[in-house]
Every structure is written in structure tokens, then in C-alpha cells.
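Participant: Residues in the sequence shown are numbered from 1 upward in steps of one, following this note's numbering. Beta carbons: idealized from backbone N, C-alpha and C, even for Gly. Since we're looking at a predicted model, the values are computed, not measured.
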Amino acid sequence: SSSSSTEWSVFDKVQVTNFSLLFSGRRHPQQPNLPHTHTNISSYHCNLTMKFTLLLTILPSFAVSFTSPASFGVKANNAVTSSSVVLNAEANGEVNGSAHKKVIVLGGDGFCGWPTSLHLSDQGHDVVIVDNLSRRNIDNELGCDSLTPIKSPEARCKAWKEVSGKDIKFVNLDVAKDYDRLVELIKDEKPDSIVHFAEQRAAPYSMKSSKGKRYTVDNNVSGANNLCCAVVDSDLDVHIVHLGTMGVYGYGTSGGEIPEGYIDVILPGGRESNILHPAYPGSIYHATKCLDALLWQFYQKNDQLRITDLHQGIVWGTNTPQTSKDERLINRFDYDGDYGTVLNRFLMQASMGVPLTVYGTGGQTRAFIHITDTARCIEIAVNNPPAKGERVEIFNQVAETRRVRDVANLVADMTGVDVNFIPNPRQEAAENELEVANNKFCNLGLDPITLDTGLFDEVTTIVKKYKERCDPEKILPASFWNKKRAEECASLDPSSIKFKSEKETA
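So this is what it looks like as C-alpha cells:
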């Protein structure tokens with residue numbers, strides 16, 4: 001594995017500064033036959049890492065290496081990633097839980113927000129959901145509903161009360177527009193933490209049109225800035241937990257393993273520094289997450305806000321232990337070309353007997369995480385905030401990395417469907433490697449769920465149950481990164497997608 005230390009060259013006497021490095025990135029030469037990439041974290045390594053971390057915490061001679069905020073780890077499978085948050089958590093007895101907290105979940109009606117809200121409530125935290133229902137409105141705009149029939153937020157919260165005996169409060173509020181109400185809510189509720197999901201989350205939708213691009217920037221960046229301003233104006237010490245994306249790093253631009261948020265560099269004159277990893281977004285959506293990251297850095301430095309930024313991989317799965325308790329609690333399932341995540345789309349297509357739609361060569365290597373682990377990671381972050389004055393804590397929230405065509409072949413082998421390679425609607429490298437450090441969550445108790453064909457059954461069962469709600473014309477991509485990509489995809493015909501009968505797919 002390559003070192004995370006990178007020497008940056010200066011051309012034409014252009015002075016490289018920390019600020020410019022935030023926006024720089026380097027694309028590696030194209031390599032046509034890249035080897036298969038597959039990284040995961042086994043239970044063995046997680047347990048070993050936790051025991052090793054605990055040992056270090058009780059040996060004073062070693063403790064000094066864990067207190068440096070610049071001490072971030074390396075390879076996920078064979079090294080310990082350490083930061084001050086690990087010691088803080090263990091010293092307070094919070095590795096496997098903490099005192100119950102009040103948590104506001106912004107975007108709590110969404111694909112990640114709803115199961116996270118239920119998980120936090122189930123763990124004893126007092127949860128308030130805030131959402132403006134924009135994702136449901138986009139369903140109307142696209143003419144494509146969730147495959148699963150999701151109830152209204154009010155009905156969901158009522159059902160949760162009946163099932164669990166626990167209350168979840170729902171507030172309809174637009175974080176990007178209703179600033180005064182947001183400040184008032186924070187002052188009234190006095191939360192310990194605010195989990196921020198309230199952003200337009202689909203890269204394809206952000207590239208669909210000028211409207212989608214402008215909305216994504218206006219909503220995501222304004223919402224992040226409003227949240228920071230509101231916490232400052234509330235005069236409360238609130239921990240912000242933001243769901244970001246692995247896409248802020250770019251893919252294959254680090255020259256080796258991607259560290260957790262910060263990277264060691266050598267500046268002109270041989271000066272060593274540890275800076276925020278350079279941004280290399282691949283869509284307007286990803287660009288807004290990069291801009292969010294800079295806002296977090298500023299407000300931490302200027303106002304000493306306590307902030308955790310989670311760079312998450314592609315989410316798969318639908319239900320969690322909590323959403324499975326009652327039909328009315330079911331999570332949304334997106335299968336369309338704009339909002340459907342790649343593995344969920346493959347599983348839906350396979351269940352319907354439709355050839356899997358792989359973009360380009362399928363050589364894109366991406367990070368994956370199950371929806372249950374998303375909720376668990378959020379709780380770990382909530383329970384382990386950085387101390388006031390510490391720099392923004394950054395976790396890579398992933399379980400493993402897989403190449404897209406390998407994931408497609410895994411599903412195809414399980415179901416017997418064909419794999420169909422179609423023109424890529426995205427402007428991206430045809431092939432890339434991806435090696436990701438992800439030890440921090442492991443150190444704090446996460447035993448991640450990895451891709452398992454047994455777990456695929458849960459998704460396919462849901463698809464078959466609600467197959468009548470699926471519109472086959474929404475399966476193919478409908479958003480294109482630029483005119484050239486649109487032209488290359490012009491031959492794709494949404495009406496050509498036909499579902500096989502249950503007898504044919506049996």
C-alpha cells in the first residue's frame with residue numbers, strides 16, 4: 001500500500017498553499033486492465049483492533065501517540081487507526097454506548113434519515129425529526145414513487161409509538177429557507193447533537209438539468225451554512241454530525257489509500273503538513289459536499305463548533321431491525337436511474353428478470369455500506385463527539401470496496417439474469433482503483449455488514465412483494481453529465497425494458 005504522504009510539485013513558480021491544495025487533485029493515467037479490487041473488514045480484525053486499542057489506552061508509554069490530532073491511520077485490514085476521539089470515548093466508557101441524548105435529525109424522513117431516527121430512538125435517545133418532504137416532492141416531479149409504499153411522517157411516528165412505546169416528534173421545516181424557525185427549534189429543544197441528512201442526495205438528479213444543479217447547490221450549501229449559523233446563534237454547545245460522501249475524495253486520485261479526511265503532504269521548501277484531503281468532485285452533488293467540508297472547517301476554527309463529517313459509501317439494503325417491526329415503518333426503496341443506488345438497482349432488475357444495467361465497462365470501484373450500518377455509524381458518531389476546540393472529526397463510513405462489474409456478476413450468478421453493458425451517462429474514469437482507510441469506526445465497535453448473497457434475499461423479497469408498483473420505463477438512466485454523454489446514450493430506449501413474469505423468473 002502506498003503511503004498517504006504525497007509530495008506536491010510546483011510548476012511555473014505557482015505558490016502552493018493549504019487553501020489551493022483543498023481544491024487540487026490528480027488523475028492517474030488510464031490503466032485498461034486493472035485488477036479486481038475488494039476490501040472488507042472482518043469481525044476478527046475489528047475485534048483485534050478494539051483489543052489492541054484498549055491495551056494502548058492503559059499503557060502510559062504508548063498513550064502519547066494517540067493524543068495527536070494528526071494521527072490518522074492507514075490500511076483498513078491490518079492497522080489501527082487512532083485519533084483522540086477513541087481515547088475520549090473509552091475514557092468515558094462510551095465505546096458501546098453513552099448517556100441518552102436529545103438528537104435532532106434533519107432530513108429524518110429520507111432513505112438514510114428514517115431508519116437512523118428509529119435506531120437512535122430504539123437505543124433510548126430522544127429524537128426529533130425535521131424534514132420539508134422535498135424528496136417526496138421530487139417523486140412527483142420525476143413521476144416515480146418509492147417501490148415500497150411509505151406512509152406519511154405523522155403515520156410513521158404514530159406507528160413507532162405503538163410498536164416501541166417511544167415518541168418521535170416530527171417538525172416540517174426547510175433548513176435552507178426557514179432560518180428563524182430553525183434557530184427557535186434548536187433553542188427550544190436544546191439538543192445534544194444534530195444529525196444533518198437534509199441535502200439533495202442524488203448525483204444524477206444534480207446533473208439532470210440546470211434546475212437540478214441550482215436546486216442542489218442552493219439547498220445543500222445554504223442548509224449547511226444555516227445550520228452552523230443557527231447553532232452559533234442558539235448559544236448552545238451542539239455537536240453536528242453530517243452525512244457526507246466518499247465522492248469528495250474523487251476516485252483514484254490520492255496515489256494510494258485514501259486516509260480518513262486528512263492527508264500528510266510536503267509543501268514547497270520541504271515543509272510537512274497535515275491538511276484536509278484535496279477535493280475532486282464528480283458531480284454537482286459531490287461538489288456541494290466538498291463545499292460543506294470547507295464550511296465545517298471554517299465554523300470549527302472560527303466558532304469552535306464541534307463537528308463530525310462522515311464520508312459514506314454507496315448504501316444498499318432497505319430495511320433495518322427497526323423498520324421491519326411494522327409494515328407502516330418500512331423504508332423507502334428507490335430503483336430509478338436517478339435515485340436508485342447501484343446494488344439496489346441490480347437486485348430489483350434481477351428480481352424482475354431484467355438484464356443488469358452496468359454503465360460503461362463496469363470498472364468503477366466504489367465503497368459500499370449496508371443501511372443498517374449507516375444507522376449504527378451515526379449513533380457511534382453521536383456517542384463520540386470531538387472535544388470543543390478539536391478540529392473537525394472525519395470518518396470514512398464504509399464496509400468494503402467492490403468493482404461495479406464484480407457486483408453485477410455476483411447478482412447475476414445468484415439470479416441467472418444477464419449483464420448488459422450500456423453507455424455511461426456519467427463523466428468519469430472507465431476504470432479506477434479504490435483503497436480506503438476505515439479503522440475509526442472499527443475501533444469504536446463497528447462490525448460491518450459486507451456484501452453477502454444471503455442478505456440479498458431481503459431486498460429481492462421486497463421487490464417481488466411490491467413489483468406492481470415498479471415502472472420499467474424508469475430503470476434506464478435519464479440524467480446525463482454533459483451533451484457528449486447524452487449523445488452516447490441516445491440509443492437507450494426506456495420502453496424497451498420488459499419485466500418477465502413470475503413463472504419466467506422462477
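Return the residue from the list Val-130, Phe-111, Met-246 that minimises the CA-CA distance to Arg-366.
Facilitator: Out of Val-130, Phe-111, Met-246, Met-246 has the C-alpha closest to the C-alpha of Arg-366.
Participant: For Asp-493 and Glu-487, I'd like the C-alpha separation in whole angstroms.
Facilitator: Distance between the alpha carbons of Asp-493 and Glu-487: 13 Å.
Participant: Thinking C-alpha only, which one of Lys-498, Arg-332, Pro-425 is nearest Ser-152?
Facilitator: Nearest C-alpha to Ser-152: Arg-332.
Participant: Quick check: the Cα distance between Tyr-339 and Ala-159, rounded to an integer number of angstroms?
Facilitator: For Tyr-339 and Ala-159, the distance between alpha carbons rounds to 26 Å.
Participant: Where are the alpha helix (DSSP H) runs, 4 residues long or more, that stay fully inside the stretch 393–470, in chain order?
Facilitator: Entirely contained in the stretch 393–470, the alpha helix (DSSP H) runs reaching 4 residues are, in chain order, 404–415, 439–443, 453–465.
Participant: I'd like to confirm something about Gly-389: is its beta-carbon nearer than 8 Å to some heavy atom of the ligand FMN, or not?
Facilitator: Among the ligands in the structure shown, none appear at all, so the ligand FMN cannot be discussed.
Participant: Would DSSP call Phe-298 helix, strand or coil?
Facilitator: DSSP places Phe-298 in helix when its eight states are reduced to three.
Participant: Any idea which residues DSSP pairs His-119 with across the strands?
Facilitator: Bridge partners of His-119: none, in fact.
Participant: Can you find the residues in the same chain that come closer than 6 Å, C-beta to C-beta, to Gln-349, ignoring five residues on each side of it along the sequence?
Facilitator: Excluding residues within five positions, the ones whose Cβ falls inside 6 Å are Leu-356.
Participant: Which residue's Cα is closest to the Cα of Gly-454: Ile-104, Glu-431, Met-414?
Facilitator: Closest by alpha carbon: Met-414.
Participant: Out of curiosity, what's the CA-to-CA distance linking Ser-146 and Asp-471?
Facilitator: Distance between the alpha carbons of Ser-146 and Asp-471 is about 10 Å.
Participant: Spatial neighbours of Arg-489 within its chain, please: CB distance less than 7 Å, with the 5 preceding and 5 following residues excluded, ordered by chain position.
Facilitator: According to the sequence shown, residue 489 is Cys rather than Arg. Once the five neighbours on either side are set aside, the close Cβ partners of Cys-489 are Pro-423, Pro-425, Pro-477, Phe-480.
Participant: Where are the alpha helix (DSSP H) runs, 4 residues long or more, that stay fully inside the stretch 189–218, in chain order?
Facilitator: DSSP runs (the alpha helix (DSSP H)) wholly in the stretch 189–218: 203–206.
Participant: Buried or exposed: His-100, going by 16 or more other Cβ atoms within 10 Å of its Cβ?
Facilitator: So His-100 counts as exposed.
Participant: To which residues of the same chain is Lys-388 closer than 8 Å at the C-beta, ignoring the five residues directly before and after it?
Facilitator: Here the set comprises Asp-237, Gln-304, Arg-306.
Participant: Pull up the distance between the alpha-carbon of Pro-385 and that of Val-128, whole angstroms please.
Facilitator: The alpha-carbon atoms of Pro-385 and Val-128 are separated by roughly 19 Å.
Participant: Less than 9 Å separating the beta-carbons of Asn-132 and Ala-202?
Facilitator: Going by C-beta atoms, Asn-132 is not nearer than 9 Å to Ala-202.
Participant: Check the C-beta distance from Asn-226 over to Leu-182 and give it rounded, since I have them as a contact under 8 Å.
Facilitator: Indeed, because the Cβ distance is near 6 Å, the residues count as touching under 8 Å.
Participant: Between Lys-177 and Glu-327, what straight-line distance do the alpha-carbon atoms span, to the nearest angstrom?
Facilitator: Distance between the alpha carbons of Lys-177 and Glu-327: 33 Å.
Participant: Mark Asp-192 as exposed unless 16 or more other C-beta atoms lie within 10 angstroms of its C-beta, in which case mark it buried.
Facilitator: The residue is buried, with at least 16 neighbouring Cβ atoms inside 10 Å.
Participant: Could you tell me the distance, in whole angstroms, from the CA atom of Lys-500 to the CA atom of Ser-351?
Facilitator: Whole-angstrom Cα-Cα distance: 9 Å.
Participant: Are the Cβ atoms of Phe-441 and Phe-368 separated by less than 9 Å?
Facilitator: Cβ atoms of Phe-441 and Phe-368: not closer than 9 Å.
Participant: Under 9 Å between the Cβ atoms of Gly-244 and Lys-289?
Facilitator: Yes; because the gap between Cβ atoms is below 9 Å, this pair is in contact.
Participant: Grab the span of the beta strand (DSSP E) containing Trp-316 for me, first residue to last.
Facilitator: Note, Trp-316: beta strand (DSSP E), 314–316.
Participant: What separation, rounded to the nearest whole angstrom, lies between the Cα atoms of Trp-114 and Lys-190?
Facilitator: If I take the Cα positions, the gap works out to 21 Å.
Participant: Given Lys-166, which residues of its chain have a CB within under 7 Å of its CB, disregarding the five upstream and five downstream residues?
Facilitator: Taken in chain order, the residues that qualify are Ser-121, Trp-160.
Participant: If I follow the unbroken alpha helix (DSSP H) through Asp-383, where does it start and stop?
Facilitator: The residue asked about is misnamed: residue 383 is Asn in this sequence, not Asp. 371–383 is the span of the alpha helix (DSSP H), which, as asked, contains Asn-383.
Participant: Excluding the 5 residues preceding and the 5 following Cys-112 in the sequence, name in chain order all residues of the same chain whose CB lies nearer than 6 Å to its CB.
Facilitator: Counting only Cβ-Cβ distances below 6 Å, and skipping sequence neighbours, we find Phe-197, Thr-374.
Participant: Quick one: give me the first and last residue of the alpha helix (DSSP H) that Leu-347 is part of.
Facilitator: Its alpha helix (DSSP H) spans residues 342–351.
Participant: Would you mind listing the alpha helix (DSSP H) stretches within the stretch 217–265 that are 4+ residues and don't spill past its ends, in chain order?
Facilitator: Those alpha helix (DSSP H) runs which fall completely within the stretch 217–265 and span 4+ residues do not exist here.
Participant: Alpha carbon to alpha carbon, how far is Gly-362 from Ala-429? Give it in angstroms, no decimals.
Facilitator: Looking at the two C-alpha atoms, the distance is approximately 10 Å.
Participant: Span of the beta strand (DSSP E) holding Leu-142?
Facilitator: Premise fails: Leu-142 lies in the alpha helix (DSSP H), 134–142, not in any beta strand (DSSP E).
Participant: Quick one: what does DSSP say Leu-476 is sitting in, helix, strand or coil?
Facilitator: The answer is coil: DSSP assigns Leu-476 none of H, G, I, E or B.
Participant: If you draw a straight line from the alpha carbon of Leu-267 to that of Ser-273, how long is it in whole angstroms?
Facilitator: Those two C-alpha atoms are separated by around 7 Å.
Participant: Check whether the Cβ atoms of Gly-317 and Gln-397 lie closer than 9 Å to each other.
Facilitator: No, Cβ-Cβ distance for Gly-317 and Gln-397 is not below 9 Å.
Participant: What span of residues does the alpha helix (DSSP H) with Glu-487 cover, start to end?
Facilitator: 483–488 is the extent of the alpha helix (DSSP H) around Glu-487.
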